[in-house]
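Reading through the structure tokens given below for one structure.
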Amino acid sequence: MEKARRFADHVRHVTQIYENALETLSQEAQPMDAILIHSGTEGIYFGDDRHISFQAFGHFNHWIPVNRPDQMLLFQPGKKPTYFQVVPPDFWYDQTVVQEAWWADQYEIIRLEKPQEVMDHLPNTRRIVFLGENTKFAADMGLPAYLHNEKNLVNYLDYYRGMKTEYEVEELREANRMAVAGHKAAEQAFLNFGSERDIHLAFLNANHMLETDSPYTNIVGLDRHAAILHYQYKQRAKGDQSRVLLIDAGCVSNRYCSDITRTYMRKGGHAVFGELLKGVDVLELKLAEMVKEGMPYRQLHEAAHDGVLDLLLASEIVKGNRDELAENQRISKLFFPHGVGHLLGLQVHDVGGFFKDDHGALAPPPEEHRFLRLNREMKNGMVFTIEPGLYFIPMLLDPERESELGKSLNWSLIDALIPYGGIRIEDNIWLSENGPVNLTR
1 MEKARRFADH VRHVTQIYEN ALETLSQEAQ PMDAILIHSG TEGIYFGDDR
51 HISFQAFGHF NHWIPVNRPD QMLLFQPGKK PTYFQVVPPD FWYDQTVVQE
101 AWWADQYEII RLEKPQEVMD HLPNTRRIVF LGENTKFAAD MGLPAYLHNE
151 KNLVNYLDYY RGMKTEYEVE ELREANRMAV AGHKAAEQAF LNFGSERDIH
201 LAFLNANHML ETDSPYTNIV GLDRHAAILH YQYKQRAKGD QSRVLLIDAG
251 CVSNRYCSDI TRTYMRKGGH AVFGELLKGV DVLELKLAEM VKEGMPYRQL
301 HEAAHDGVLD LLLASEIVKG NRDELAENQR ISKLFFPHGV GHLLGLQVHD
351 VGGFFKDDHG ALAPPPEEHR FLRLNREMKN GMVFTIEPGL YFIPMLLDPE
401 RESELGKSLN WSLIDALIPY GGIRIEDNIW LSENGPVNLT R
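In the UniProt record's numbering, the protein residues as written are 1 to 441.
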């Protein structure tokens, strides 16, 4: 089975990363003999007995595609990884863990009824690193506090999560395929004058999803709501007067996420907005073609600002000398205030976006681009989003109405476009050995 082969190769790759980490860091930092990864603990709302929707720790899911609390994986160099499958006896809730051969065959599986029973199966050493949120559980087992989420190890693992295996890319591809079907259904719901809630449900129903199956809260914004970058609500009001839909929504395949954004405008909308929408789509594809190994991701972000400025000038929203307007991206930031993308994987904003190397040296976003979520050089195997946008956000624009900078802006046209909200186009890009591959289109 091809999937089983890909996953076996993936486990060998992850095993090599962990072996290298323990060997290197045991010499440079402190001795470490084994790693116990905990999937997480199910929480309850404060003052209530209702459980919060659970999401497993990413480093656990890097090994095992199981989204259940209190599962554990033990890694020891030279030994087959051990999966401690905790299945408590319970008649209130279904505790079944679905186990498929394509992944389960890679592990020694020990079934337990209580998490604490793992103590009987740990190696006879105190130098076990605990990775996970519930450090009290680790302390209760006697695992040393100085090895709880040992920083050097976490940095090392986060760094290498940035490069994906063939198995991971195929899961990301499948998550994209699912999301594309959802976006097509959402577009039809919009064209049929659906409410934000109707459109949201159309996306979910296209893949028989629950909201808890989503990798993040769907952004479904009609008109002015499209100018709220992470708009979180879904209005019930019918969309019979709506002009624009911005939908940012993804799916999950074996814990790997897609993150896709599309913007649609009805016929009869403002001609300038229609041209801007076409222009942002062209810009996004152009940026995707620029991707190459060794290129700083920040360079892609700056190219996006150049492209947005060109669209503003071509549409006569902005007037003036291009070189002067381009200085520090002051104008383009008013209309494009976020980063052009981020790493994508087991988390929508995947880990490791600000590392220079595997030893934790940081490359934080520069002050002038403080919302940039990825500031690494692009490497083969990386998967990331590219998502330029162009928005009409009163909060950002209004302070410039009487400013020197504001003299370059066509306020009558801007006021006509504010009701249309904004535009974002987002695809998921894999940098393969042969160049960039668009997993979305």
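All C-beta atoms, glycine included, are put in the ideal place defined by N, C-alpha and C.
When we look at the beta-carbon of residue i and count the other beta-carbons within 10 Å, is it buried (16 or more) or exposed?
| i | result |
| --- | --- |
| W92 | exposed |
| A361 | exposed |
| F371 | exposed |
| L311 | buried |
| W411 | exposed |
| K136 | exposed |
| M178 | buried |
| D90 | exposed |
| P329 | A quick correction: the sequence has Gln, not Pro, at residue 329. That one is buried. |
| Q106 | buried |
| D358 | buried |
Beta-carbon separation of residue i and residue j under 8 Å?
| i | j | result |
| --- | --- | --- |
| N438 | R255 | no |
| G162 | R376 | yes |
| K238 | F193 | yes |
| Q95 | P88 | yes |
| D38 | M1 | For clarity, residue 38 is His in the given sequence; the question names Asp instead. For H38 and M1, no; Cβs fall outside 8 Å. |
| L309 | A288 | no |
| V383 | L153 | no |
| F336 | A304 | yes |
| S253 | E174 | yes |
| P115 | V86 | yes |
| L25 | Y146 | no |
| N428 | D259 | yes |
| H183 | R262 | yes |
| L334 | L397 | yes |
| V280 | P394 | no |
| E316 | L413 | yes |
| K319 | S408 | yes |
| H301 | V351 | no |
| F203 | A185 | yes |
| N207 | T440 | no |
Of the residues the options, which one's Cα is nearest the Cα of residue i?
| i | options | result |
| --- | --- | --- |
| Y233 | T217, V308 and I37 | T217 |
| residue 442 | Y107, H59 and A34 | Only positions 1 to 441 of the chain appear in the structure, and residue 442 is not among them; the question remains open. |
| L343 | Y83, G353 and L334 | G353 |
| L36 | P394, R401, T125 and E42 | T125 |
| E211 | F54, I429, P399 and G40 | F54 |
| residue 453 | V252, H369, V129 and L405 | Outside the displayed span of the chain (1 to 441) sits residue 453, for which this structure offers no information. |
| E293 | E117, L431, G389 and N321 | L431 |
| K164 | E28, A181 and G381 | G381 |
| N20 | Y159, H121 and R177 | Y159 |
| G250 | V129, M32, A314 and H349 | H349 |
| T15 | I44, R298 and T82 | T82 |
| Y18 | H59, G40 and D49 | H59 |
| T41 | M32, H359, H62 and P69 | P69 |
Counting only C-beta atoms, is residue i closer than 8 Å to chain B at any point?
| i | result |
| --- | --- |
| E368 | Among the protein chains of the structure shown there is no chain B, as only one such chain exists. |
Hey, residue i and residue j are a contact pair by Cβ (cut 8 Å); roughly how many whole angstroms apart?
| i | j | result |
| --- | --- | --- |
| L346 | N149 | That pair is no contact at about 17 Å. |
Contact between the stretch 239–246 and the stretch 411–424 (3+ Cβ pairs under 8 Å):
yes
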